[in-house]
Amino acid sequence: MAASVGAAFGWGTPHTEITRFGLRFVDGADWLSNRIGGLRPMEDLAWGADYRGDLNPGWYVDDYLLMPGVPDHLSHLMPEVRRTWVPYFRRTVQALREESPANAARWLGSFLHFVEDSGSPPHAFPTGGLAHTRMENYVLSLDIRLPAYRPEPRSGDSATDPESLERSVVERLNRLVEYSAERGRRLKPLAERDDRAACEPLVLESCKETIRAVADVTSAAVDLARQPAPPESGGWIGEVEAPPHPELGDAPVRVVLNGGPHSTIAEPLSRGDFGSASRYRFVFRGLPRGDYRGWVERPGCASASVSVAVRPSRIAQTRTRLLVDGSGGNLIRNPSGILKWIDPSRPDHWRRVGGEWRTDPIPLRRQTAYRVGSLTAAGESPVRLRFAADPAGTDAGSPRYFTSGSVLTAPEQWVSLGVPGERPPLRAWLEPVTPPPLER
Ligand SMILES: [Zn+2]
Numbered sequence: 005m006a007a008s009v010g011a012a013f014g015w016g017t018p019h020t021e022i023t024r025f026g027l028r029f030v031d032g033a034d035w036l037s038n039r040i041g042g043l044r045p046m047e048d049l050a051w052g053a054d055y056r057g058d059l060n061p062g063w064y065v066d067d068y069l070l071m072p073g074v075p076d077h078l079s080h081l082m083p084e085v086r087r088t089w090v091p092y093f094r095r096t097v098q099a100l101r102e103e104s105p106a107n108a109a110r111w112l113g114s115f116l117h118f119v120e121d122s123g124s125p126p127h128a129f130p131t132g133g134l135a136h137t138r139m140e141n142y143v144l145s146l147d148i149r150l151p152a153y154r155p156e157p158r159s160g161d162s163a164t165d166p167e168s169l170e171r172s173v174v175e176r177l178n179r180l181v182e183y184s185a186e187r188g189r190r191l192k193p194l195a196e197r198d199d200r201a202a203c204e205p206l207v208l209e210s211c212k213e214t215i216r217a218v219a220d221v222t223s224a225a226v227d228l229a230r231q232p233a234p235p236e237s238g239g240w241i242g243e244v245e246a247p248p249h250p251e252l253g254d255a256p257v258r259v260v261l262n263g264g265p266h267s268t269i270a271e272p273l274s275r276g277d278f279g280s281a282s283r284y285r286f287v288f289r290g291l292p293r294g295d296y297r298g299w300v301e302r303p304g305c306a307s308a309s310v311s312v313a314v315r316p317s318r319i320a321q322t323r324t325r326l327l328v329d330g331s332g333g334n335l336i337r338n339p340s341g342i343l344k345w346i347d348p349s350r351p352d353h354w355r356r357v358g359g360e361w362r363t364d365p366i367p368l369r370r371q372t373a374y375r376v377g378s379l380t381a382a383g384e385s386p387v388r389l390r391f392a393a394d395p396a397g398t399d400a401g402s403p404r405y406f407t408s409g410s411v412l413t414a415p416e417q418w419v420s421l422g423v424p425g426e427r428p429p430l431r432a433w434l435e436p437v438t439p440p441p442l443e444r
């Protein structure tokens, strides 16, 4: 998984074991396994949400955390973690129905992370500091197992009705929180005096109850996702070509459809080199009939609009060629702010913080030269950079100022770029200063 540790505390080791055992008991585990390309990768993907802002080979973690309705990261502790349940459950069902196995697995990973955090005693009974860490790490991972479990029946007579299944998920997770909050309340004083022997059985009980909850709520997701696609729906396969990014290679290509919840990340088919393009493919199936318009974006390229007519029982095909933007090395996503899909009031991958517009964390190569700058309605504008060793650090600390057009040497592997002002910049750039390719 990702190389750096995010700011949010999660279970110490247990995400791995809770996921392993929980998914084993899901009703329809075989269907799920086939649908997402195997259950084993879920043990890693269930950690994803603790790596906000990070970039894995092939995907930005935040592309599986932020979406319409959840424009900002939510706390993994009660009471706020409760706000994750329904949106990530819905999004997982959507991905299981509509998207590639890789996309479905990553969304399920985000959902499971929040479910599992909800069952962690210091999350359910919010506790910080050393006691939090102890409460999660007293139990050895080899002790976390559940030999058998049958998921609870879901919502009686209407097991296929989305609203009643969602209600059953919320009700199940409320019970999980209650169970673990009760243990958290008892654990806290014990953890404060480091009484591991007294803590261990309580933590283990919560681990096992979380395994049961994972099996229950994932079974509900499978119930919904397995239902046949609506009759008036069709599919769409899109191919995308883009020149390779000088630093990110076949950087992730993201596709979003206007005015709805549909989005996906394309998968690379072949990686380009000098003179040839990287090729990607994305897929939607079970999309409601209609004429869709949307955007295809990738760092280093200008976002391209895309449109498609989805017709019942047909697979539409499109081909999109992304054109180089600027030098082709811009690491800022959505650098001109054209894409406003997650939240119509602001550009995707940008946030308003303390009088400036700030980008998501951006990965750099240390000791490499970059050119930075921004253009606002008032002309070229200085930028504020916050360097850090990991993505979470790029929101902290005092910024360094650079005039537009400056060349700098990256002291760290991560940075955020801020542009002061009321309105988002017209354009911003942070691109490697690479020597021009040799004449051949
Ligand atoms: Zn967490």
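Residue numbers (this note's numbering): 5 to 444.
Ideal Cβ positions, reconstructed from N, Cα and C, are used throughout, including at glycine.
Every value quoted in this text rests on a predicted model; they were computed, and no experiment measured them.
Quick one: what does DSSP say residue i is sitting in, helix, strand or coil?
i: Pro415; result: coil
i: Arg94; result: helix
i: Tyr68; result: helix
i: Arg409; result: Per the sequence presented here, residue 409 reads as Gly, with Arg not at that position. Looking at Gly409 - three-state DSSP - the assignment turns out to be coil, as it is neither helix nor strand.
i: Ile319; result: strand
i: Tyr55; result: helix
i: Ile269; result: strand
i: Val221; result: helix
i: Arg283; result: strand
i: Arg369; result: coil
i: Arg24; result: helix
i: Val30; result: coil
i: Arg154; result: coil
i: Cys305; result: strand
i: Glu102; result: helix
i: Ser274; result: strand
i: Asp295; result: strand
i: Gly397; result: helix
i: Glu384; result: strand
Whose C-alpha, out of the options, is nearest the C-alpha of residue i?
i: Ala229; options: Pro235, Leu100, Thr438, Ile269; result: Leu100
i: Arg189; options: His136, Leu379, Thr88, Ala400; result: His136
i: Leu177; options: Tyr55, Arg370, Glu156, Tyr64; result: Glu156
i: Tyr183; options: Arg158, Gly123, Gly238, Trp89; result: Gly123
i: Glu426; options: Ser267, Thr380, Ala414; result: Thr380
i: Glu416; options: Pro339, Gly409, His353, Arg369; result: Arg369
i: Glu384; options: Gly401, Val423, Ser402; result: Val423
Could you check whether residue j and residue i sit closer than 9 Å to each other, using their CB atoms as the reference points?
i: Ala128; j: Ala53; result: no
i: Asp394; j: Val357; result: no
i: Pro429; j: Trp361; result: yes
i: Trp433; j: Asn334; result: yes
i: Ala225; j: Phe406; result: no
i: Gly242; j: Ala270; result: yes
i: Gly62; j: Pro256; result: yes
i: Thr324; j: Val244; result: yes
i: Phe286; j: Ser104; result: yes
i: Ser267; j: Arg275; result: no
Taking the beta strand (DSSP E) that residue i falls in, what are its first and last residues?
i: Glu84; result: Careful: Glu84 lies outside any beta strand (DSSP E) and carries neither H nor E.
i: Glu236; result: From DSSP, Glu236 is part of no beta strand (DSSP E); its letter is neither H nor E.
i: Gly377; result: 373-380
i: Glu445; result: It is not possible to answer for residue 445, since the shown part of the chain is limited to 5 through 444.
i: Glu360; result: 360-363
i: Val260; result: 258-261
Output the boundary residues of the alpha helix (DSSP H) element that contains residue i.
i: Arg355; result: Per DSSP, Arg355 belongs to no alpha helix (DSSP H); it is in the beta strand (DSSP E), 354-357.
i: Gly188; result: 166-196
i: Trp35; result: 33-40
i: Glu47; result: 46-49
i: Ala128; result: 125-128
Just list the residues that DSSP pairs residue i with in beta bridges.
i: His249; result: Gly253
i: Trp111; result: According to DSSP, Trp111 bridges with nothing at all.
i: Leu335; result: Leu335 is not bridged to any residue.
i: Arg404; result: Leu389
i: Asn141; result: For Asn141, which the question treats as bridged, DSSP gives no partner whatsoever.
i: Phe288; result: Trp240
So with Cβ pairs under 9 Å, would you call residue i a contact of chain D?
i: Arg293; result: Of the protein chains in this structure there is only one, and it is not chain D.
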